[in-house]
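Trainee: The opening residue of the sequence shown carries number 150 in our numbering; numbering runs sequentially from there.
We put the CB at the ideal spot given by N, CA and C, even for glycine.
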Amino acid sequence: MKRKLSDTLNKQKAALYIRVSTHWQIDKDSLPLQREDLTNYTKYALGIDSYEIFEDAGYSAKNTDRPAYQQMMARMRTGEFTHLVVWKIDRISRNLLDFAAMYDEIKKLGVTFVSKNEQFDTSSAMGEAMLKIILVFAELERNMTSERVSAVMLSRAGNGLWNGGKIPYGYDYNEETGVFSINKNEAEIVRFMYNYYEQERSLLKVAKNLNERGIPTRKGNTWSPVTVSIILKSPFYIGTMRYNYLRESKRNNIKPESEWILIEDHHPAIIEKEQWIRVSEYLSENQRNRKNSSKTYSRKNIHIFAGLLKCGYCGSGMPSTVDRARSDGWRPSIYSCSRKRRFNDCPNKYISDITLGPFVLNYIANMMKAQRSFGKTTSIEVLEKKLLRGDTFSDVEHIDRPGLEELYNSLRAGKTTSVDYVTPAVSSDIYSSGEDRERDLLVSEKRKKERALARLKSLYLYDEEAISEKDYLVEQKKLKDSIKEIDKRLEEIEKNSSLHFTLSDEEFIAKASYFIMSQQLTDKRHIDYEKFIRKIDPKIVKDFLNSIVQNFCIKNGKIVSIRFKNGLEHRFLYKSEE
Numbered sequence: 150m151k152r153k154l155s156d157t158l159n160k161q162k163a164a165l166y167i168r169v170s171t172h173w174q175i176d177k178d179s180l181p182l183q184r185e186d187l188t189n190y191t192k193y194a195l196g197i198d199s200y201e202i203f204e205d206a207g208y209s210a211k212n213t214d215r216p217a218y219q220q221m222m223a224r225m226r227t228g229e230f231t232h233l234v235v236w237k238i239d240r241i242s243r244n245l246l247d248f249a250a251m252y253d254e255i256k257k258l259g260v261t262f263v264s265k266n267e268q269f270d271t272s273s274a275m276g277e278a279m280l281k282i283i284l285v286f287a288e289l290e291r292n293m294t295s296e297r298v299s300a301v302m303l304s305r306a307g308n309g310l311w312n313g314g315k316i317p318y319g320y321d322y323n324e325e326t327g328v329f330s331i332n333k334n335e336a337e338i339v340r341f342m343y344n345y346y347e348q349e350r351s352l353l354k355v356a357k358n359l360n361e362r363g364i365p366t367r368k369g370n371t372w373s374p375v376t377v378s379i380i381l382k383s384p385f386y387i388g389t390m391r392y393n394y395l396r397e398s399k400r401n402n403i404k405p406e407s408e409w410i411l412i413e414d415h416h417p418a419i420i421e422k423e424q425w426i427r428v429s430e431y432l433s434e435n436q437r438n439r440k441n442s443s444k445t446y447s448r449k450n451i452h453i454f455a456g457l458l459k460c461g462y463c464g465s466g467m468p469s470t471v472d473r474a475r476s477d478g479w480r481p482s483i484y485s486c487s488r489k490r491r492f493n494d495c496p497n498k499y500i501s502d503i504t505l506g507p508f509v510l511n512y513i514a515n516m517m518k519a520q521r522s523f524g525k526t527t528s529i530e531v532l533e534k535k536l537l538r539g540d541t542f543s544d545v546e547h548i549d550r551p552g553l554e555e556l557y558n559s560l561r562a563g564k565t566t567s568v569d570y571v572t573p574a575v576s577s578d579i580y581s582s583g584e585d586r587e588r589d590l591l592v593s594e595k596r597k598k599e600r601a602l603a604r605l606k607s608l609y610l611y612d613e614e615a616i617s618e619k620d621y622l623v624e625q626k627k628l629k630d631s632i633k634e635i636d637k638r639l640e641e642i643e644k645n646s647s648l649h650f651t652l653s654d655e656e657f658i659a660k661a662s663y664f665i666m667s668q669q670l671t672d673k674r675h676i677d678y679e680k681f682i683r684k685i686d687p688k689i690v691k692d693f694l695n696s697i698v699q700n701f702c703i704k705n706g707k708i709v710s711i712r713f714k715n716g717l718e719h720r721f722l723y724k725s726e727e
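#1: Can you have a look at residue 551 and say buried or exposed, based on whether 16 or more other CB atoms are within 10 angstroms of its CB?
#2: In the DSSP assignment, the alpha helix (DSSP H) including residue 187 goes from what residue to what residue?
#3: Report buried or exposed for residue 166, applying the criterion of at least 16 other Cβ atoms within 10 angstroms of its Cβ.
#4: Where does residue 208 fall in DSSP's three states?
#5: So, is residue 707 buried or exposed, given that buried needs 16 or more other C-beta atoms within 10 angstroms?
#6: Is it the case that the Cβ atoms of residue 418 and residue 453 are separated by a distance below 8 Å?
#7: Can you list, in chain order, the residues of its chain whose CB lies under 8 Å from that of residue 462, leaving out five sequence neighbours each side?
#8: Could you give the distance in angstroms between the alpha-carbon of residue 278 and the alpha-carbon of residue 593?
#9: Taking C-beta to C-beta, are residue 183 and residue 232 nearer than 8 Å?
#10: Is the beta carbon of residue 427 sitting closer than 8 Å to the one on residue 325?
#11: Can you say whether residue 399 is buried or exposed, counting buried as having 16 or more other CB atoms within 10 angstroms of its CB?
#12: Between residue 205 and residue 218, is the Cβ-Cβ spacing less than 8 Å?
#13: Output the boundary residues of the alpha helix (DSSP H) element that contains residue 546.
#14: Taking residue 376 as part of the beta strand (DSSP E), name the residues at either end of that continuous run.
#15: How would you call residue 242, buried or exposed, if buried means at least 16 neighbouring beta carbons within 10 angstroms?
#16: Which residue marks the beginning of the beta strand (DSSP E) containing residue 718, and which one marks its end?
#17: By Cβ distance below 6 Å, which residues in the same chain neighbour residue 690 in space, the five residues on each side in sequence not counted?
#18: Rounding to the nearest angstrom, what Cα-Cα distance links residue 697 and residue 186 in this structure?
#19: With three or more C-beta pairs closer than 8 Å as the rule, is the region 498–506 touching the region 515–533?
#20: Can you tell me the Cα-Cα spacing of residue 548 and residue 529, whole angstroms?
#21: Work out the CA separation of residue 316 and residue 169 for me, nearest whole Å.
#22: Specify the secondary structure class of residue 260 as computed by DSSP and reduced to three states.
#23: Would you call the CB atoms of residue 628 and residue 598 closer than 8 Å?
#24: Assuming contact is defined by CB atoms lying nearer than 8 Å, are residue 264 and residue 238 in contact in what I supplied?
#25: Distance, Cα to Cα, residue 715 vs residue 553?
#26: State the start and end residues of the unbroken alpha helix (DSSP H) segment that holds residue 482.
#27: Looking at residue 451: is its Cβ nearer than 8 Å to the Cβ of residue 470?
#28: Just the Cα atoms here: how many angstroms apart are residue 631 and residue 702?
#29: What runs of the alpha helix (DSSP H), each 4 residues or longer, lie entirely inside the region 669–717?
#30: Do residue 700 and residue 458 have their C-beta atoms within less than 8 Å of each other?
#31: What first and last residue would you give for the beta strand (DSSP E) that runs through residue 166?
#32: Per DSSP, which one or two residues make a beta bridge with residue 630?
#33: With distances taken between CB atoms, is the gap from residue 723 to residue 540 smaller than 8 Å?
#34: Buried or exposed: where does residue 357 fall if 16 or more other Cβ atoms within 10 Å of its Cβ makes it buried?
#35: Once DSSP output is grouped into helix, strand and coil, what is the label at residue 493?
#36: By how many angstroms is the C-alpha of residue 479 removed from the C-alpha of residue 688?
Right, here's the structure in full:
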C-alpha cells in the first residue's frame, strides 16, 4: 500500500543523544540503560520509528567538545532530524551558556528538544520554560560542587599534601607515603638545562641540544622551548610546592600572589635557590626584549585558516604569522609547519592566504553550485569537472575517486553537501518591532519548505515506492509557490523596515557580511579572494570555515586534501609535483 505523500514529506526522525562521564557510572546512568530507555520512549511515547543514536562515553558535561555530539549537531544543521531526545538535560551540558547556545540553534532549525526523565518537550511553552528553570539549577549544583572541591584541595595544599596531577620531571612520587624523591637520571638532565640556559640564554638552544643528544622527554617525545621553559620557571626544583597559582582553564592567567599557596622545603631540591633566581631573571629579560621588538605587530589580525591546517609530511599543526604589508595595506597570513619552526627537520614549505583563499572558497562555491545543478543524468565525471571549474584548479589533475564517489552518492540520494552553515544569530534583545519576529519566523518556514522540496525530489527519483510524475509536479508547484510567497513577504519587510542599526553594531555587521558572503559564493563564477576578503568581516569567513571543515592537509605549498566535518574527504592529485 502506497504511503501518503504528506506523510512521507513530514516524516519524523529523532537524534538520541547518550553520554556518561566515567566508565564506572554503570548502574545509574549507564549507556545501555540510557540507550534502551530512549529507544523505547522514542518509539512508543513519541511514536517516532526513525531514529539514530549518538554516544559519548567518558566525556564530562563541562563543555560540548565531544565527537558524537559535534557530529550530531553537524547533521542536525542539514535538516536531517526533527527531534533531539535525551535521557536528562544535563546529558547535553551542565553549562548554562553552552546549553542556551545549542537550544537557540536547534530552535531556529525547527528541531524539538525532548527530555525523557524530566517528562517535557519544548514543543509547548510550558516545556520550554521548565527546561530553562531546570538548567539554572543544574548549573548551580555544578558550581557549588566545584566550590566544595576547591575548598578541600586548598586545605590539603595548605597542609603540604599533594593534590595529584603530573609528577614534575626529575622526581618520583610514592603514593603510599605521599613523599617525593629525586629521580637521579632525570635530575641530571634538569641540572643540565639550568646550566646550559645560563650559558646560552636560549630556550631553543637547550631544546635542540637535548634532542641532538637523543635525550627524550618522560613520554618519549622531543623537547621544545615550551617544555624547557616550564621546568626552568617552576619553583618545585628548589623544594617549594606552589598551588593555586593559575586560574582554571586559563594557562597564562596568573592569580594575585596573595592567593598563592607556597610551602617551602616541601621536598628535596634539585637546583640551588640562587641559580633558580638568576635563571628566572634571564627568562624575564628575554621576554621583555621580545615584547619590545614586536610592538608594531597587530594582534587584531584574524588568521582565517588558523587551527585548520596540518602538515602533509609530519602531521604537525601549521601556526600562523602575518606576512609583509601589500601596497594597499592588506597583510595576508602565512602558515608553516610547527615542527619545522622548532627543529628545522621537516621539508614542508609554507603556504599563504594568497594560495589558500582562492582555492578553498572557489572549491566550496563549486560544491554549492554542483549541488544545486545536480540531476539524475549528472555523471561522476561531470560532477568532477564542476568541482574543478576555474583557473584556480588548472594544476589539479583530478580528485581522488573514493571521496568523489562519496559526494556523488550523497547527491544522488538527495542529501546536502558539507557546506551548510547557520547564519550568525542575532540576540533577542535587539528586536525593535513585530516585523523582526515575523522575518525570523518566515526564514524558518522557508527552510522547512526547502527541505521538503529536497525530500520530494529524492522521493520521486530514488524511492522504491516512487510517486507518480503528476503527484510530484503538483506538490513541487505547491512548495515553490509557498516559497515565492515567503520571499515576497520578506522583500516587503526589508523595504518597510528602517535601518536602526549602526556600523558599530557587531551583530548587524555579522549578518550583512554573511549575506554578502553567501551571495558571492553562489552567484559569482569566480571569486577574487583579495577583493572578497575586503568586503567581508574576516571573522565571519573564519567561523564559516570552522563550521564545515575539519582540516586542510598541506604539502609543498599546496592543498592536498580537505576533510569536512561530516567525514567527507577530498584528495587532490596535481599535474606537476614540486
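Mentor: Concretely, from the data shown:
#1: exposed
#2: 180–189
#3: By the neighbour-count criterion, in which 16 or more other beta carbons inside 10 Å mark a residue as buried, residue 166 falls on the buried side.
#4: coil
#5: buried
#6: no
#7: 486, 495, 496, 497 and 704
#8: 21 Å
#9: Not in contact: residue 183 and residue 232 (Cβ atoms no closer than 8 Å).
#10: no
#11: Only weak support exists for where residue 399 lies, its pLDDT of 45 falling under 50; the value from the coordinates is given anyway. Classification for residue 399: exposed.
#12: yes
#13: Element bounds for residue 546: not the alpha helix (DSSP H) but the beta strand (DSSP E), 545–548.
#14: Segment 374–382 is the alpha helix (DSSP H) holding residue 376; no beta strand (DSSP E) there.
#15: buried
#16: It spans 718–723 - the beta strand (DSSP E) in which residue 718 sits, taken as one unbroken run.
#17: 453
#18: 32 Å
#19: no
#20: 11 Å
#21: 28 Å
#22: coil
#23: yes
#24: yes
#25: If you take the alpha carbons of residue 715 and residue 553, they lie about 14 Å apart.
#26: Careful: residue 482 lies outside any alpha helix (DSSP H), inside the beta strand (DSSP E) at 482–484.
#27: no
#28: If you draw a straight line from the Cα of residue 631 to the Cα of residue 702, it is about 43 Å long.
#29: 678–684 and 687–697
#30: yes
#31: Start and end: 162–169.
#32: Paired residues: none, contrary to the question.
#33: no
#34: Under a 10 Å Cβ-count criterion, residue 357 is classified as buried, with 16 or more other Cβ atoms of the shown protein chains found around its own Cβ.
#35: coil
#36: 16 Å
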